[in-house]
Amino acid sequence: MTGTKLRLDHDHCRLLLKQMLRVRRFEEKCAELYTREKIRGFLHLYIGEEAVATGIMQALGEEDAVVATYREHGHALLRGVPAGEIMAEMYGKQEGCSRGRGGSMHLFHAPTRFYGGNAIVGGGLPMAVGLALADKMQGKRNITVCFFGEGAAAEGEFHESLNLAALWDLPVLFVCENNLYAMGTALDLSESETDIHAKAASYKMPSEIVDGMNVVDVEVAARRSVDAIREGNGPVFLECRTYRFRAHSMFDPELYREKEEVKKWTEIGPIRRFQSWALEAGELNQTDIDAIEEEVALEVSEAVAFAEAGTWEPVTDLLHDVGAEART
Amino acid sequence: MTGTKLRLDHDHCRLLLKQMLRVRRFEEKCAELYTREKIRGFLHLYIGEEAVATGIMQALGEEDAVVATYREHGHALLRGVPAGEIMAEMYGKQEGCSRGRGGSMHLFHAPTRFYGGNAIVGGGLPMAVGLALADKMQGKRNITVCFFGEGAAAEGEFHESLNLAALWDLPVLFVCENNLYAMGTALDLSESETDIHAKAASYKMPSEIVDGMNVVDVEVAARRSVDAIREGNGPVFLECRTYRFRAHSMFDPELYREKEEVKKWTEIGPIRRFQSWALEAGELNQTDIDAIEEEVALEVSEAVAFAEAGTWEPVTDLLHDVGAEART
Amino acid sequence: MSRTMTYREAMREAIREAMNADEKVFLMGEDVGHYGGCYAVSKGLLDEFGPDRIRDTPLSESGFTGAGIGAALGGMRPIVEIMTCNFALLALDQIMNTAATMRHMSGGQYHVPVVIRMATGAGRQLAAQHSHSLEGWFAHIPGLRVLAPATVADARAMLARALEDPDPVLIFENALLYNREGDVPDDLAAIDIDHASIRREGSDISLITYGGSLWKCMDAAEELAGIGVSAEVLDLRTLRPLDDAAIMASVAKTRRALIVDEGWRSGSLSAEIMSRIIEQGFWTLDTPPMRLCSAEVPIPYAKHMEEAALPQVSGIVDAARKLVGG
Amino acid sequence: MSRTMTYREAMREAIREAMNADEKVFLMGEDVGHYGGCYAVSKGLLDEFGPDRIRDTPLSESGFTGAGIGAALGGMRPIVEIMTCNFALLALDQIMNTAATMRHMSGGQYHVPVVIRMATGAGRQLAAQHSHSLEGWFAHIPGLRVLAPATVADARAMLARALEDPDPVLIFENALLYNREGDVPDDLAAIDIDHASIRREGSDISLITYGGSLWKCMDAAEELAGIGVSAEVLDLRTLRPLDDAAIMASVAKTRRALIVDEGWRSGSLSAEIMSRIIEQGFWTLDTPPMRLCSAEVPIPYAKHMEEAALPQVSGIVDAARKLVGG
Ligand SMILES: Cc1ncc(C[n+]2csc(CCOP(=O)(O)OP(=O)(O)O)c2C)c(N)n1
Ligand SMILES: Cc1ncc(C[n+]2csc(CCOP(=O)(O)OP(=O)(O)O)c2C)c(N)n1
Ligand SMILES: [Mg+2]
Ligand SMILES: [Mg+2]
C-alpha cells in the first residue's frame, strides 16, 4: 500500500469533528430517550468509538456498500442515512429507515447501500463477501466495507469469510473495531492470539493496526486501503483499536472492568483529542466548535421531532413484505 | 519442543511396516468387498496416507483419546480396534464395533477411547477440544489426538476449535492430513493461504510441517509433540503432507487430477519407501517382509470371516439406545 | 414449606446446588462469568466457583457447544449456556449430528450427558433475529430431551433432573420469565418434570401450552371463568418426549382443545400436539382442536406490531369462546 | 412433445438454460466445478461456463451460503448448492436470520433472490449424519419458499420458476431420485410448481406426500388398486406455502387421508398437514387422518435397519388398508 497524504485544512478538520460530534450527541440523546422509554429493545452505543466509522467513511464513494453490526447508529448517520429516519426507527415509527420493524439493531437504507444492522455476531461478514462478489462479477469498481467487533473474530463465520474474500480477491474492507470487550468478555479471555490483525496472515490478507482513537490515522489507513482494494488487489483488514465508553447495552451492569480503565480511555477520547489538536494547530477556533455544536444540536432535535411526529405502521400491514406479493 | 530420538531397530521397523501394511491390505480388501456389495454406503480409503496415522499412533498411550473422520478405517485399526469388528461394522453386522449402525464412516470403540468416525467435515474438532478439556479438568494426563483433512481447515469449526484449545491450553494434538484435495477441490481453490500449518500462528499454537509420506518423520514429530502436550504446554498442530492414491470415495470419477500426478505420488508411497529403506539399511530382509505379509493376510481374512459369520441386529432393536431406557 | 424467589434466582440456585453436589458439573458459555450471565442467571457464581467451573467462552457457539459435548463424553457434566436459541442455530450441527446421534450411532457405547440451556421467545422488542421460539425444532430430534420450565418451581427443579439424565437435555428458558416470582417447595423431588402438569383445572376446554405462554393461558382462563367458561390449563413442561397421556386425559375430559404456542404456526410444535390429539383422541372431541401461534413473519421491533405477531390473552379468550360456543 | 431424461440431467439442463438466459445467474458450492458436483448434477458445466460462474467453494457452508445471499442482494442471481441438507445445518443461521428476514426486517427495501439447492433424504446406507430429511424444518420459516421436485419434469421446470422469485427459494432434491428417468414436456411453462399435483386419481383415500416418498406412494397405490382400494396420490411439490386448497379438495373427495413423510414423526411436516386437514376439513373426514413417517431414531447404516426406519411401500399399503377398512 502506498502512503496517502491527507490535507488537514480547516474544512476537513471541521468535517471530521462535526461527524464525530453528530454521532456523540445523537447517541447521548438516544441514551436519554431510552431511559424515557421512547426507545426500547436493545440499544448499543458507539460512544468512544466515533473516530473509527468517521475515518473509514471518508474513504467511501457513493456506490460503495456498508455492512455493520447492532452497534451501528454511528455508521448509519455517517453513511448519510438521515438522522430523523434513524431516530424514527428507534421509536418504532413507520417513517423509520426500516419502517419501525428493525429498531436500533436493524437500520437499513437502500439509497446509501447501507445493509444493516445485523444482530447476529459475525453474521454480516458472509454478506459483505457476497456483496463484493456481486460487484466484482458485474465489473463494478465498488468496494464493501464490513464492520465488526473483536469478539466476532472468534466466530467461525469470521474465518470462512476472510478466507473467501482473500481466495477470490474480493473488494472488501474488513474493519475490526477492537474495543477490548465482547459484552463482558475481555479479549484475553476470548482469543489465544490477542493481536487480531495478525490473524489476517492466515488468509494472506494485508492488514494494519490503526489507532482507532485517532480519526486522522483511521482516515489515512482507510484511504490507502480503499485505493488498494479498488485497484483490484483484493481485501484489506484493518484492526482499529478503540474503546467503548458506555456499557455494552442498556442492560449491562459493567462488572467486568474497572472505572479507572474507563477513565483512562475517556481521557484520550477521539473527540476530545482531535478537538484540542485542531484548536492548537489553529485549524479550528472556539467559534467554529460552537457553531458545529449548534448545527449538531439542531440536527438531533429535528431528528427527535421527526420521530415524535412519526406514525405507527398499521397492524394490518404485519404480513406485508414477508415475501413479494404472491405470484398466484 | 526438544528433539526426540527414535531407535529404528529391527523390531521397530517391523512394527511400522506391519502397521502400514495392515491398513493397506485391509483397505484393498474393503475396496474389493465394496464392488461385491458386501460393503455399502460411502467408503473412503486411506490408501497412500498410512504413514500418518501409523506414525502418530506410536506416540499415544492407552488412556489417550482419538477423534477421526469418515476416512478412519486405518486409524481404528492402528488404535487397536479389532479388524474383525471393523469389517463386521462395514458389513452392517451387530458384531461390528458400532453394532452395524455406523458403517464405514462411524467406527466407535470405547475400550480404546476411539471416538469415531465423524461424517461432518470439521465436526470432530470441537469434540476433541471437549475431551481434552474433560481430561484436563479431571487432572488426567491424557491427550486427545484429532485427525482431519486440509479441506476441514476452511470450516468455521476449525477456527473455533483451535482457538479454544489454545486459549485454554488443552492437551490436543491436531493432525491435519493434507492430501491436497477435498473431494475434487484442490487446496489452492479452497484456501487463500495454502500453507495450512501457518494458520496455527493465528492461535499462537506451535505447529510443524511433517512429511506425511515418511512414517519415521511422522513418528518423531508425534512423539515430540505428545511429550510437549503431556507436559502441559497446550495443544500442538501438525500438518502432515500426504496424498490419497485412490478416489475420494467409491463414487468419485476423479476428473480433477491428472493420472501423472497420482503416479508421481505413488512412487514415493509410504510403504514402498519405508520398505526399501529398511531393506537397504538391513533392518529387515525379504523373509521378514514375507512373514509380515502373511500375518497381515491372515488378519484380513479372519476379519472377513468374522464379518461373514456375523449376524444382523434384530429389527426390533431399532429404537434401542436412542436414549437410555426411559426413566418413567 | 416453600420459599419465594424469581425464576432467575431459581435457576441460579439450581446451578449452585448442582455444582456443590458434583465437582464434575461446570457451567460454560458466553459471558457466564465476568459479565454475570446475559440474563444475570450466573451472577456471583464466578466468585464462588472460579473461572475453571464458571467458564467464559469466546463467541464460538459451535465450538463451545461441541466442546461441552466432548467434555460430557470425557466424563464431565457440563452445563452449556447458549445465550439465546437464536444463536443456537450456529451450534445446531453439533447438537443434532453429534450429541443426539452418539448413543445410537455408536451402538450404545457412548452417551452424552450434557445439559444445554438457552433463553427463548419474543416480547421484548428485540426484533427479527432475537425473537425466535425454536424449542419446537429441537423437539423434532430423536436422542434429545427438551424441557421448558414455565414456573419458578420447575426452573428450580429441572436442572438437577436434567443432570441425572445420561443423555443430552436441552432447557429452554423463556426470557420473559426471568423476573417472575414464584413459590419453590422445599421438597424438590416431588416435582415431576417428566409429566405435564395441570396448572388450573377446568371442564369446558383444555388450553395446552408451555413456557412463556403458560401465563397468558392462565390469565385467559381467569377471564374465561368470568364469562362462565371453565378452562383447564395444561403445562407440557417436557416437549420431548411429549406426555401424550396427560394431553389425552385432559382432552377426554373437556372434549375441546386449544393449543397455544409462540412458534410460527406452520410446522410448529402445536401441529404435533394437534396431530396426536387427532391420532389418539379423535373420538373424544366435540369439535376440531384449534391452535393459536405466532404470525408467520419475522417478529417486528415496534411494540404494537410485535404484540400483533404474538399470541395474546385476548386472542386466547376469543379462540376459546369460539371453540366452546361453536 | 416430450423427451426422456434423468432427474440429474433435468436439473443440469435447467441450470444450463438459466445460465444461458441470464448472465447474472451463477452456480456456487462445494465441488460443483472440478469434481462435477457431488451427485454429478453440474458435470460438464465448468467447461461450458468457466470457473467464475461454476464456482467451487471451500468447505464453508455458512460462509458461501451467506456469500450467495450477499451476492443476491448485490444484484446477482446465485444458485447456491449445499451438498446435502445435513450440512445445511451449518448454514442455517444465514438462511434463517439473513435471507428469510431481510425483506420484512428492512421494511421492504431489500430482497434476496437466492436459490439454494440441496440433496435430502435417506435410503443409501449413509447412516445417522447423512440421512436427514430437513425440508420440514425449512418449511417452518416465514420468508422462504420451499420446493421439493419429485418428478423429472418438475426437476426440469422448478429452477427457472425459482429464479423468477425475488425472494429466497430452497429446492430439496431427494438423492434417490437423481438416477430416475422420466418425461419432460417441451412446454415447461405449463408446469405449475405453485400447486400440488394429483399424480394418480382415486376415490377411497388420499395419499399425501412429496419428494422421494411420492414413488413409494405410487407403488402403494398400484398395490392397493389390486385389492380394490382406489388411492389418490397428491404430490405437494411446494412445501411452503402449502397448497391447502388441493389438499382439502382431495380429502373432501376421498374422506380419508394418509400422509407419508420421510421426516422423523414428531414435529415433521406431516403434523402440519394433518393439522390443516383438521382445521379446514374436519367435517369432511370419515375417520381421523393417519401419517407414516420415519422412526424416531438416527438412521442406521445396516440395510435392514435403515429400511425398517423409513416409510416403505408395504407400510403405506397396510396403513391405507387400515384407514379404509376402519
Ligand atoms: C452469534 C451471537 N452470539 C452472541 C450474541 C450476543 N452478543 C451480542 S453483542 C455480543 C458481544 C460482541 O462483541 P464484539 O464483537 O467485540 O462487538 P462489540 O459489542 O464490542 O462492539 C454478544 C456476545 C449475538 N448477538 N450473536
Ligand atoms: C460439513 C460437510 N460438508 C461437506 C461434506 C462432504 N464431504 C465429505 S468429505 C469432503 C472432503 C473433505 O476433504 P478433507 O477435509 O481434505 O479430507 P479428505 O477427504 O481429503 O481426507 C466433503 C466435501 C461433509 N461430509 N461435511
Ligand atoms: Mg468488542
Ligand atoms: Mg483432503
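Line order of the protein sequences matches chains A, B, C and D.
Position one of the first sequence corresponds to residue 1 (my numbering), numbered consecutively onward.
Position one of the second sequence corresponds to residue 329 (my numbering), numbered consecutively onward.
Position one of the third sequence corresponds to residue 657 (my numbering), numbered consecutively onward.
Position one of the fourth sequence corresponds to residue 983 (my numbering), numbered consecutively onward.
The beta-carbon is built from N, C-alpha and C at its ideal position, and this holds for glycine as well.
In this text, all values refer to a predicted model and were calculated from it rather than measured experimentally.
Buried or exposed: which applies to residue i, given that a residue is buried once 16 or more other Cβ atoms fall within 10 Å of its Cβ?
{"i": "L298/A", "result": "exposed"}
{"i": "G882/C", "result": "exposed"}
{"i": "V315/A", "result": "exposed"}
{"i": "A493/B", "result": "buried"}
{"i": "R272/A", "result": "exposed"}
{"i": "W168/A", "result": "buried"}
{"i": "K259/A", "result": "exposed"}
{"i": "K1198/D", "result": "buried"}
{"i": "W1265/D", "result": "exposed"}
{"i": "G100/A", "result": "buried"}
{"i": "D188/A", "result": "exposed"}
{"i": "G1032/D", "result": "exposed"}
Taking residue i as the query, report the chain A residues whose CB atoms sit under 9 Å from its CB, ordered along the chain.
{"i": "Y1092/D", "result": "F108, A110, Y115, G116"}
{"i": "I1051/D", "result": "P126, M127, G130"}
What are the boundary residues of the alpha helix (DSSP H) that residue i is part of?
{"i": "I997/D", "result": "989 to 1003"}
{"i": "G1307/D", "result": "1295 to 1307"}
{"i": "P454/B", "result": "452 to 465"}
{"i": "L701/C", "result": "701 to 709"}
{"i": "G1118/D", "result": "1117 to 1120"}
Determine the chain A residues that contact residue i at a beta-carbon separation under 7 Å, and present them in chain order.
{"i": "K532/B", "result": "S192, E193"}
Whole angstroms is fine: what's the gap from residue i's alpha carbon to residue j's?
{"i": "V380/B", "j": "R812/C", "result": "50 Å"}
{"i": "G1184/D", "j": "E737/C", "result": "52 Å"}
{"i": "P1167/D", "j": "Y1192/D", "result": "20 Å"}
{"i": "Q968/C", "j": "G868/C", "result": "11 Å"}
{"i": "G92/A", "j": "I955/C", "result": "13 Å"}
{"i": "L1224/D", "j": "L1251/D", "result": "10 Å"}
{"i": "A609/B", "j": "L336/B", "result": "10 Å"}
{"i": "G123/A", "j": "L461/B", "result": "28 Å"}
{"i": "T311/A", "j": "L78/A", "result": "25 Å"}
{"i": "D288/A", "j": "E50/A", "result": "20 Å"}
{"i": "Y181/A", "j": "E27/A", "result": "20 Å"}
{"i": "A728/C", "j": "L459/B", "result": "8 Å"}
{"i": "L453/B", "j": "H767/C", "result": "18 Å"}
Over the uninterrupted beta strand (DSSP E) stretch that includes residue i, give me the two end residues.
{"i": "G919/C", "result": "913 to 920"}
{"i": "N470/B", "result": "From DSSP, N470/B is part of no beta strand (DSSP E); its letter is neither H nor E."}
{"i": "E377/B", "result": "Careful: E377/B lies outside any beta strand (DSSP E) and carries neither H nor E."}
{"i": "C30/A", "result": "First-last for C30/A: 10 to 35, but that is the alpha helix (DSSP H), not the beta strand (DSSP E)."}
{"i": "S207/A", "result": "207 to 211"}
{"i": "E567/B", "result": "564 to 569"}
So residue i contacts chain C; which residues on that side make the cut at Cβ distance below 9 Å?
{"i": "F306/A", "result": "None at all; the shortest Cβ gap to chain C is about 16 Å."}
Taking 7 Å as the cut-off, does the CB of residue i come closer than this to any heavy atom belonging to ligand 5?
{"i": "T754/C", "result": "Although ligand 5 was asked about, the structure shown includes only ligand 1, ligand 2, ligand 3 and ligand 4 as ligands."}
Under 8 Å between beta-carbons, which chain A residues line up against residue i? List them in chain order, please.
{"i": "D1149/D", "result": "G323, A324"}
{"i": "A964/C", "result": "V315, L318"}
List the residues of chain B whose Cβ lies closer than 7 Å to the Cβ of residue i, in chain order.
{"i": "H1286/D", "result": "W640, V643"}
Run down chain D in chain order and give the residues with a C-beta less than 7 Å from the C-beta of residue i.
{"i": "T757/C", "result": "A1110, Q1111, P1280"}
So residue i contacts chain D; which residues on that side make the cut at Cβ distance below 8 Å?
{"i": "R896/C", "result": "S1248"}
message: Residues around ligand 3, please: the condition is that the C-beta lies closer than 6 Å to some non-hydrogen atom of it.
response: Output, sorted by chain position: G149/A, E150/A, G151/A, N179/A, Y181/A, A182/A.
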